[in-house]
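All remarks here apply to the structure that follows.
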Amino acid sequence: MDLKDSMYYIPARRQPKRKLVAIYARVSSNTKDQLRSLANQVSALTQKVSLVEDWRLVDIYIETQSAKAKSPRKEFARMLKDAESKSFDIVVTKNISRFGRDTVEVLESLRELRKLNIRVLFEQENLDSGEIDNELMISIIESIAQAENESRSENIKWGIQKSVASGKSNLMNRKCYGYDNDENGDLVINEEQAAVVKRVFNFYMGGMSVVGIIRKLQELGFKSPTGKERWSKGSIDNILTNRKYTGDVELLKEDENSGYYLVEDNNPVIISEEIFNAVQKLRKDRSNVVIDEYGNKTRSHKKYSSKKSAEFNEK
1 MDLKDSMYYI PARRQPKRKL VAIYARVSSN TKDQLRSLAN QVSALTQKVS
51 LVEDWRLVDI YIETQSAKAK SPRKEFARML KDAESKSFDI VVTKNISRFG
101 RDTVEVLESL RELRKLNIRV LFEQENLDSG EIDNELMISI IESIAQAENE
151 SRSENIKWGI QKSVASGKSN LMNRKCYGYD NDENGDLVIN EEQAAVVKRV
201 FNFYMGGMSV VGIIRKLQEL GFKSPTGKER WSKGSIDNIL TNRKYTGDVE
251 LLKEDENSGY YLVEDNNPVI ISEEIFNAVQ KLRKDRSNVV IDEYGNKTRS
301 HKKYSSKKSA EFNEK
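UniProt numbering numbers the first residue of the sequence shown as 1 and each following residue consecutively.
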């Protein structure tokens, strides 16, 4: 028997080509907590890469730059440049917010990497850019970004509420026109500005419109809170509705129907409670927007003189 007839050729098994993987990790500052977070990011992602048999880690791009638009991201730029050189096949990152500073930047970077046949894996969201078409990816990223922003906003609001409720917040001592802060951060009256505040309430109580008050203050040479010759309607409205002038402070008030914290006797009084409340009633009565029974808005034709004036003590 010929041995050649009984021999079989067994081809060598081809080893699958290993994918070259890069890690991108970012935090927004170099504080101890942020650096600890960065170390955790890198450690977790490195472990993830090591668990995939045909992956090989080739580079780690580490950023400690702010998420502000003007802050350069040198490591991110280096990663994109290396991508053009085909230095890796896959980028692994913790989540979408770490990869880009906003939705537009994320999408532009993904499009650029996709043209180079490079996948981006978002570990937290369990997303693979290589498996999702552009339109769906856009929809997913925008939805996630919106949810993150809403969550972040609620967390900030919750933190402020806790701070206010515990009496540890400094929001009540934020300076406004008519007040200064002393060396301890407490509010003290700025006599020159307080006199203008009293004139504004006086003019309004005397029948002047907001436009009339603006005209009068300009005639008298009083500069606006921002130092301009002409006052804005918003500046006058802010003065007429700021309860802080009565010594009490409303915190976290979003609109007329929302709840808020009232801090009583927080600062020196410029306007009495009686005058402040009277002005609020006048503002409501003078509103020229009328809503009928069908919900339609119309404007009334009431006019108020800018010539009437009533005096009360300005000091």
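Here a beta-carbon is modelled for each residue, glycine too, at the ideal position from N, C-alpha and C.
Assigned exposure category for V211 - 16 Cβ within 10 Å defines buried
Exposed.
Which two residues bound the contiguous alpha helix (DSSP H) that contains T46?
Residues K32 to S50.
Check each candidate in I271, D248 and E191 and name the one with the smallest Cα separation from D265.
D248
Using 8 Å as the cut-off, can you tell me whether the stretch 220-236 makes contact with the stretch 270-279, which would need three or more C-beta pairs spanning the two stretches below that distance?
no
Helix, strand or coil: which one does DSSP assign to I62?
strand
Would L38 and I62 be called neighbours here (beta carbons separated by less than 9 Å)?
Yes, they are a contact pair.
Mapping the DSSP letters down to three states, classify D180 as helix, strand or coil.
strand
In three-state terms, what does DSSP make of K19?
strand
Applying the 10 Å Cβ sphere with the 16-neighbour rule, what's the burial state of L262?
Burial call: exposed.
Through-space distance from V42 to A194, alpha-carbon basis
Their Cα atoms are separated by approximately 56 Å.
Status (buried if at least 16 other CB within 10 Å, exposed otherwise) for T93
Here T93 is buried, its C-beta having at least 16 other C-beta atoms within 10 Å.
Chain-order list of residues whose beta-carbon lies under 7 Å from that of M172 (same chain, five-residue window excluded)
V249, L251, V263 and N266
What does DSSP give as the partner residue(s) for Y204 in the beta ladder?
Residue pairing from DSSP leaves Y204 without any beta-bridge partner.
Quick check on R243: buried or exposed, where buried means 16 or more other Cβ atoms within 10 Å of its Cβ?
Within a 10 Å sphere around the beta-carbon of R243 sit 16 or more other beta-carbons, which makes this residue buried.
Under the three-state reduction of DSSP, which class applies to F76: helix, strand or coil?
helix
Option in Q47, G207 and L217 with minimal Cα separation from R286
G207
Reduced DSSP category for D82 - H, G, I as helix; E, B as strand; rest coil
helix
Helix, strand or coil: how does DSSP classify T246 here?
helix
Classify A77: buried if its beta carbon has 16 or more other beta carbons within 10 angstroms, exposed otherwise.
exposed
Can you grab the Cα-Cα spacing for the pair E34 / R119, in whole Å?
The identity of residue 34 in the sequence shown is Gln, whereas the question assumes Glu. Those two C-alpha atoms are separated by around 27 Å.
Under 6 Å Cβ to Cβ from E123, same chain only, skipping five residues before and after it: list those, please.
K94
Among P72, Q65, M79 and N40, the one whose alpha carbon lies nearest that of V58
M79
At which residues does the alpha helix (DSSP H) containing R114 begin and terminate?
T103 to K115
Any idea if Y245 is buried or exposed, counting beta-carbon neighbours within 10 angstroms, 16 or more meaning buried?
buried
Taking the straight line between their C-alpha atoms, what separation do you get for R98 and S87?
Their Cα atoms are separated by approximately 21 Å.
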